[in-house]
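Number of protein chains: 2
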Amino acid sequence: MRIVHKLSTCVLAFGVVFAVSAKAPPIMADIIAASKPSDWRPLDPQNTLYMELPTGRVVIELAPAFAPNHAQNIKALVREGYFDGLAVIRSQDNYVAQWGDPSDDEAADKSKVKAIRTAKKTLPAEFTVAISTQIPFTRLPDADGYAPQIGFSNGFASGRDPKSGRAWLCHCYGAVGVGRDNDADSGGGTSLYAVTGHAPRHLDRNITVVGRVMHGMELLSSLPRGTGKMGFYEKPEQMMEIQSVRVAADVPEAQRSNFEVLRTDTATFTALVESRRNRREEWYKVPAGYVELCNVPVIVRKKE
Amino acid sequence: MRIVHKLSTCVLAFGVVFAVSAKAPPIMADIIAASKPSDWRPLDPQNTLYMELPTGRVVIELAPAFAPNHAQNIKALVREGYFDGLAVIRSQDNYVAQWGDPSDDEAADKSKVKAIRTAKKTLPAEFTVAISTQIPFTRLPDADGYAPQIGFSNGFASGRDPKSGRAWLCHCYGAVGVGRDNDADSGGGTSLYAVTGHAPRHLDRNITVVGRVMHGMELLSSLPRGTGKMGFYEKPEQMMEIQSVRVAADVPEAQRSNFEVLRTDTATFTALVESRRNRREEWYKVPAGYVELCNVPVIVRKKE
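In order, the protein sequences belong to chains A and B.
For the first sequence, my numbering gives the first residue as 555, with consecutive numbering after it.
For the second sequence, my numbering gives the first residue as 555, with consecutive numbering after it.
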């Protein structure tokens, strides 16, 4: 079968997990298969959203450590049913899908604009947060040009600047952020977007990132692209309707999607990163010796 | 309008084009608007392919300077009608869409497997080429971890290693490559793929890259994802049919898509790169001071 390989064998240069093995270096799937239950954490039901589309469920985990006020406000919007019946109003190729407030698209059905009852329309920006013990950080061995330090915080790709003492979430594929106007404090969560293309890292520290799509990303990324300016749809009937958005904790247990994500503060994760830096299975002829932050996979699976 | 900006104003630190202007730094669109006809080159009709899908035309430009034998062989395949009636057999989220040889997907209709008449089934790999005057190079001011030098060669993102004396095309969004088996020399062009997600740069120097989608990328990137292993489709009826592939030079002029691409060996391009490194319009609060190779836009427009 003539293919382009995504999963591959690898050499664990760090050797933490498999140092005792005399066998060939394991492939990433073997690293995951050899993981312990403690290498995983369940998605937090109090900070997980289910966005129900006609095509299926998009599962988003919020990161309140990085955007506490926005996470709280988005949950308040969700709990007053703000998003129910609204739509995905924009799909720009190799960039973002955006949903929520119809005011943001000239073509959207303005009769659907909703009053906000208990949540807030706008909030002060949360582009960065202070580095603290609340913000764990597993630094990658490699650097990039967008941040002095890059790595993962509780499963989320993030950057840090020890000089300024600030940390932030990075715009990798699947990152979810808060649309805003020119004023830094003009967003609040009524308009959200997910990255559907090559990581637009220039947005880092310029907009509040609130979390990440953990499952169902393809339901957003495969939407037809909008033909209007910046990928906005030009007719309401082109827009995918949002049936509802719910906080997982508010959904009966039987209807929840019970996912868990590979922890990023473990030896297993360190081995996984190395397996992505140097892929040495037969298919690969030249290992890269490097992995971009946004090419480190966030591993999500159904909880047993 | 609460949005995520893609186009933005910028500061031209290099100051080449607009140094005489006392006005605010121009936005990227203004750099393009101020460009001269000589800043552009038409797509080469002898090395441009039109892949006709039921949803529209995908325009691919081949880069024979980097993969001369594969480019020639793909044109031979096209001219014997090899791809006509075949299909897109794979769409893996955040990775690639792949088309051509049905043998590569267990679910594809094997009755459609085609004999090759004049072209070759396989060719020696062309992962890299010797650095030479045939391979122009505009080096970016920034570095990355995947290649000692990165930049653009005649509009194509590429890497170079002065030590080894080799150059290669990079796997940015839209790059088109040649599927292969474990054997480096097992590809030939019957199976092609385009990058539809975050740049899989670990594939660089591991597979023959032959060109880039210059228009119609969204027709591939918005395809429903295949639900089989590695995004292969599981049923023939899920696959988008390829009506035909033609070399542009073989198509009557009136039916051609006359695109031109911004040259990458000009002061205009240097200014454009800087406008992407530092976006300073009001919307941006923190310029990145950096741009990844695959975030430098390849500007394509209809020729007047």
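Think of the CB as a built atom: it goes at the ideal place given N, C-alpha and C, for glycine as much as any other residue.
Nothing here was measured: the structure is a model prediction, and the numbers come from that model.
Using a Cβ cut-off of 9 Å (strictly closer), state whether residue i contacts chain A.
i	result
B/P716	no
B/F813	no
B/A753	yes
B/A576	Reliability of the predicted coordinates at B/A576 is poor, the pLDDT of 45 falling under 50, and the value obtained from them is presented with this limitation in mind. So no, B/A576 is outside the interface.
B/M605	no
B/M771	yes
B/C724	no
B/G709	no
B/S712	no
B/Q787	The amino acid occupying residue 787 of chain B in the given sequence is Tyr; Gln does not appear at that position. No, its Cβ sits nowhere closer than 9 Å to a Cβ of chain A.
B/N627	no
B/T762	no
B/A621	no
B/V840	yes
Check for me: the alpha helix (DSSP H) holding residue i runs from which residue to which?
i	result
B/I614	Segment G610 to L616 is the beta strand (DSSP E) holding B/I614; no alpha helix (DSSP H) there.
A/P622	P622 to R633
A/S829	A821 to R831
I'd like the span of the beta strand (DSSP E) that includes residue i, first residue to last.
i	result
B/D671	First, the amino acid is wrong: residue 671 of chain B is Arg here, not Asp. Segment: none, B/R671 is in no beta strand (DSSP E) and carries neither H nor E.
A/A587	Here A/A587 belongs to no beta strand (DSSP E); instead the alpha helix (DSSP H) covers M582 to A587.
A/V730	A729 to V732
B/V749	S745 to V749
B/R759	Segment: none, B/R759 is in no beta strand (DSSP E) and carries neither H nor E.
B/T594	Checking the sequence shown, residue 594 of chain B turns out to be Trp, not Thr. Element bounds for B/W594: W594 to P596.
A/K856	V854 to K856
B/E846	Counting along the chain, B/E846 falls outside any beta strand (DSSP E), and DSSP gives it neither H nor E.
B/Y604	T602 to L607
If you compare alpha carbons, which of the options is closest to residue i?
i	options	result
B/Y727	B/G843, B/P695, B/D696 and B/V852	B/V852
A/D698	A/E858, A/Y844, A/R855 and A/S798	A/Y844
A/K839	B/A679, B/D598 and B/V642	B/A679
A/P584	A/L847, A/K857 and A/E835	According to the sequence provided, residue 584 of chain A is Asp. The question's Pro does not apply to it. Selected option, being the one with the closest Cα: A/E835.
A/V730	A/E788, A/A711 and A/N736	A/A711
B/L694	B/V854, B/C848 and B/R855	B/C848
A/S740	B/Y604, B/A842, B/W837 and B/L640	B/W837
B/R720	B/R734, B/S707 and B/A684	B/A684
B/K675	B/P716, B/G713 and B/R734	B/R734
A/V850	A/A753, A/V732, A/E615 and A/K629	A/A753
B/M771	A/L773, A/E772, A/P778 and A/M771	A/P778
B/I581	B/S829, B/H624 and B/K629	B/S829
B/M605	B/A625, B/E791, B/W653 and B/A808	B/W653
B/P806	B/I586, B/K590, B/P599 and B/R595	B/P599
B/S589	B/V827, B/R831, B/T820 and B/L640	B/T820
When the cut-off is 9 Å and only beta carbons count, does residue i lie next to chain B?
i	result
A/V612	no
A/D758	yes
A/A706	Reading the sequence as shown, one finds Phe at residue 706 of chain A and not Ala. Closer than 9 Å: no.
A/W653	no
A/E846	yes
A/V571	At A/V571 the pLDDT is 34, less than 50, meaning the model places this residue with poor confidence and gives no usable figure here.
A/G843	yes
A/E836	yes
A/R833	yes
A/L566	Low confidence applies here, because A/L566 scores a pLDDT of 27, under 50, leaving its location unreliable; read the following figure in that light. Cβ-Cβ to chain B under 9 Å: no for A/L566.
A/A802	no
A/D584	no
Report yes if the C-beta distance between residue i and residue j is below 9 Å; otherwise report no.
i	j	result
B/N601	B/G743	no
A/L723	A/V764	yes
B/R766	B/A617	yes
B/G785	B/S645	yes
A/R759	A/T822	no
B/G751	B/D659	no
B/I704	B/F620	no
A/P622	A/E795	no
A/H769	A/V749	no
B/D647	A/S745	no
B/T818	B/F706	yes
B/M793	B/V613	no
A/K856	A/S798	no
B/Y787	B/A701	no
A/V632	A/Y747	no
A/A842	B/H756	yes
A/R595	A/G709	yes
B/L677	B/V815	no
Whole runs of the alpha helix (DSSP H) within the stretch 761–816 of chain A, excluding any shorter than 4 residues
771–775
In the stretch 638–726 of chain B, which residue ranges form an unbroken beta strand (DSSP E) of at least 3 residues, counting only runs that do not cross its ends?
641–645, 650–654, 703–707, 710–715 and 720–723
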